[in-house]
Amino acid sequence: MGYLQRIVNGGRVDREFALGARRADLVVHYGKAQKEVIELKLAQAPKALERGTRQVSEYAKRLGLKRGYLILFDREATAPWEERGAVEEMEVEGVTVVVVRA
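Positions in the sequence shown are counted from 1; adding 4 to them yields this note's numbering.
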């Protein structure tokens, strides 16, 4: 969290940001005009990708955004290095979801 705050540099990072009855893991604010929604998931959880992309899409729409981010963390030591750090974009219900594997 401290690392992300330094990157934002002058912006604000809200954790567990309330969006209706749900909460986004992180919402980053840059001034009044720019917001980014970030959802964090463990890759080992069943259907983490499917569930996470749907959540990001829902949160982005509630914030009036066309893009959101899903970061999937893989704690398995056997996870191939080719997959770690991979970035892909998906279209989910009219929202571009950027999936980052870490």
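All C-beta atoms in this analysis are idealised placements derived from N, C-alpha and C, irrespective of residue type, glycine included.
Contact belief for residue i with residue j at Cβ below 8 Å, rounded distance in angstroms
{"i": "residue 56", "j": "residue 45", "result": "4 Å"}
Cβ shell of residue i (< 6 Å), same chain only, five flanking positions each side left out
{"i": "residue 33", "result": "15, 16, 39"}
{"i": "residue 102", "result": "73, 93"}
Beta-carbon gap between residue i and residue j smaller than 7 Å
{"i": "residue 63", "j": "residue 96", "result": "no"}
{"i": "residue 99", "j": "residue 61", "result": "yes"}
{"i": "residue 20", "j": "residue 27", "result": "yes"}
Backbone CA spacing between residue i and residue j [nearest angstrom]
{"i": "residue 67", "j": "residue 77", "result": "24 Å"}
{"i": "residue 30", "j": "residue 43", "result": "6 Å"}
{"i": "residue 92", "j": "residue 37", "result": "25 Å"}
{"i": "residue 52", "j": "residue 104", "result": "13 Å"}
{"i": "residue 83", "j": "residue 47", "result": "10 Å"}
{"i": "residue 70", "j": "residue 81", "result": "34 Å"}
{"i": "residue 86", "j": "residue 58", "result": "25 Å"}
The ligand SAH heavy atom lying under 6 Å from the CB of residue i
{"i": "residue 34", "result": "Within the structure as shown, the ligand SAH is missing, as the structure has no ligands at all."}
Per-residue burial, residue i [other beta carbons within 10 Å of its own, 16 or more giving buried]
{"i": "residue 89", "result": "exposed"}
{"i": "residue 72", "result": "buried"}
Residues near residue i by beta carbon distance below 8 Å, same chain, minus five either side
{"i": "residue 106", "result": "75, 76, 77, 78, 88, 89"}
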